[in-house]
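A.B. asks: Starting off with a structure, shown below.
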Amino acid sequence: MKIINSIVHMQALAIAPERDGRKIAFVPTMGFLHEGHASLLREGRKRADVLVLSIFVNPIQFGKNEDLDRYPKDMERDCQIAEACGVDIVFIPTAAEMYPSGFQTGVTVREISLPLCGASRPGHFDGVATVVAKLFNIVRPDLALFGTKDYQQLAVIRRMTADLNMPVEIVGMPIVREADGVAMSSRNAYLSPHERQSALCLIQALRRARELFAGGERSIAVLMKEARAVVMQEAAAVIDYIEFRDGATLQELDVADDSTLLALAVKIGQTRLIDNTVLGEVL
Ligand code: AMP
């Protein structure tokens, strides 16, 4: 497994497979890897000849008062996980090289970036789209794998690659959860044991809405009331948003169907957690 820091070196390594028709699979991450990341890597391993992982805590997707400076980090462990998943190249660029002085280009994916996390974190998806576009130009993957844990991010990236004719197949992968149902996230490391218990309210709210939906309830007003009530029962939880949206367009709805997305963002203490489910799909 090669560990590469320089952009030109990474680009040079990507040229050979492209020339002799070997496929490159790419998994972009911010590191502090867990089983969710590993599931993307294993799938990438199966689907391509060369597997590239990037680890980059992208400063331009963080707001001023967010957790950029304390984002968890463990490069040694990340490299062990990467090796075990069959990664060929770990690309770990520096922020200085990704955003040198004079950098002034951004990618904005308009409507689909605006609701949900885009409303709570203004500019976040511009930062995501810009870094992913840069990474695609550096790594030149045939396919790139993303988790549906970040549902809106995946939608933004699908839109960007389609709109800009990027020759990359985007593969969405299911959410990997802890045994108790909490979605795996690098940010779970911030939670105290008590907060980790409180974090269960996200999956409980998803389950409650799914249960009502499975029982025939289609009114979003009713489903919303029930999902909110579950989270509000948890004293340590502050709702950022709980929303039902069309799973493809992210537009608002009054009536739920199988493709309806329930997405939520909840603060547990200082930690903002997100989770989601599509009502007609398996959890
Ligand atoms: P991050 O390092 O949090 O930026 O995530 C990198 C990639 O891993 C993104 O495509 C995420 O959606 C994906 N990911 C993060 N957590 C999970 C999870 N629990 N299950 C599946 N994919 C995940």
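Numbering (my numbering), first residue to last: 932 to 1214. Each residue gets a CB set at the ideal place from its N, CA and C atoms; glycine is no exception.
Helix, strand or coil for ALA1179? Go by DSSP, reduced to three states.
C.D. replies: Coil, per DSSP.
A.B. asks: Whole-angstrom Cβ separation of THR1202 and GLU1126, contact assumed at under 8 Å?
C.D. replies: Confirmed, about 7 Å.
A.B. asks: Below 8 Å, can you find three or more Cβ-Cβ pairs linking the segment 1027-1037 to the segment 1089-1103?
C.D. replies: Output reads no: the segment 1089-1103 does not touch the segment 1027-1037.
A.B. asks: Output the boundary residues of the alpha helix (DSSP H) element that contains GLU1100.
C.D. replies: Not the alpha helix (DSSP H): GLU1100 falls in the beta strand (DSSP E), residues 1100-1104.
A.B. asks: Once DSSP output is grouped into helix, strand and coil, what is the label at LYS910?
C.D. replies: Only positions 932 to 1214 of the chain appear in the structure, and residue 910 is not among them; the question remains open.
A.B. asks: Exposed or buried, which one is GLU1165 when buried takes at least 16 other CB atoms within 10 Å?
C.D. replies: GLU1165 should be labelled buried.
A.B. asks: Going along the chain, which unbroken runs of the beta strand (DSSP E) with 3 or more residues stay wholly within the segment 1116-1204?
C.D. replies: Those beta strand (DSSP E) runs which fall completely within the segment 1116-1204 and span 3+ residues are 1168-1177 and 1191-1199.
A.B. asks: Using CA atoms only, rank isn't needed, just tell me which of PHE1022, PHE1077, LEU1076 and ASP1081 is closest to ILE938.
C.D. replies: Answer by Cα proximity: PHE1022.
A.B. asks: Going by Cα to Cα distance, which pick from LEU1214, ILE1199, ASP1171 and GLY1200 is closest to LEU1192?
C.D. replies: Nearest of LEU1214, ILE1199, ASP1171 and GLY1200 to LEU1192, Cα basis: LEU1214.
A.B. asks: The beta strand (DSSP E) with PHE1056 in it runs from where to where?
C.D. replies: Taken as a continuous stretch (DSSP letters only), PHE1056 belongs to no beta strand (DSSP E), being part of the alpha helix (DSSP H) at 1055-1070.
A.B. asks: When DSSP labels each residue in this structure, what does VAL939 get in the three-state scheme?
C.D. replies: The answer is helix: DSSP assigns VAL939 an H, G or I state.
A.B. asks: Report yes if the CB atom of LYS1120 is closer than 8 Å to the CB atom of PHE987, and no otherwise.
C.D. replies: The displayed chain sequence assigns Ala, not Lys, to residue 1120. Contact flag unset, no.
A.B. asks: Could you pull the DSSP bridge partners for PHE1022 from this structure?
C.D. replies: According to DSSP, which records beta bridges pairwise, PHE1022 is partnered with ILE935 and SER985.
A.B. asks: Looking at ILE1101 and ligand 1, is the gap between the Cβ and the nearest heavy atom below 7 Å?
C.D. replies: ILE1101 Cβ: outside cutoff for every heavy atom of ligand 1.
A.B. asks: Give me the Cα-Cα distance between SER1116 and ALA1194, rounded to the nearest whole angstrom.
C.D. replies: Their backbone Cα atoms lie some 16 Å apart in a straight line.
A.B. asks: Give the straight-line distance between the Cα atoms of VAL1162 and THR1061, rounded to the nearest whole angstrom.
C.D. replies: Looking at the two C-alpha atoms, the distance is approximately 34 Å.
A.B. asks: By Cβ distance below 6 Å, which residues in the same chain neighbour GLY975 in space, the five residues on each side in sequence not counted?
C.D. replies: Same-chain partners within the cutoff: ALA956, VAL958, LEU982 and LEU1076.
A.B. asks: Going straight from the alpha carbon of VAL1186 to that of ALA1140, what length do you get?
C.D. replies: Cα to Cα, the separation comes out at about 13 Å.
A.B. asks: State the Cα-Cα distance for the pair GLU1174 and LEU1204, rounded to the nearest angstrom.
C.D. replies: If I take the Cα positions, the gap works out to 14 Å.
A.B. asks: With C-beta atoms as the reference, is LEU1154 less than 8 Å away from LEU1143?
C.D. replies: Contact flag set, yes.
A.B. asks: Using DSSP with H/G/I as helix, E/B as strand and the rest coil, what is THR1039?
C.D. replies: Of the three classes helix, strand and coil, the one that applies to THR1039 here is coil, per DSSP.
A.B. asks: Do CYS1048 and ALA1168 come within 8 Å of each other at the CB atom, strictly closer than that value?
C.D. replies: It is not a contact, given that the beta carbons lie outside the stated cut-off.
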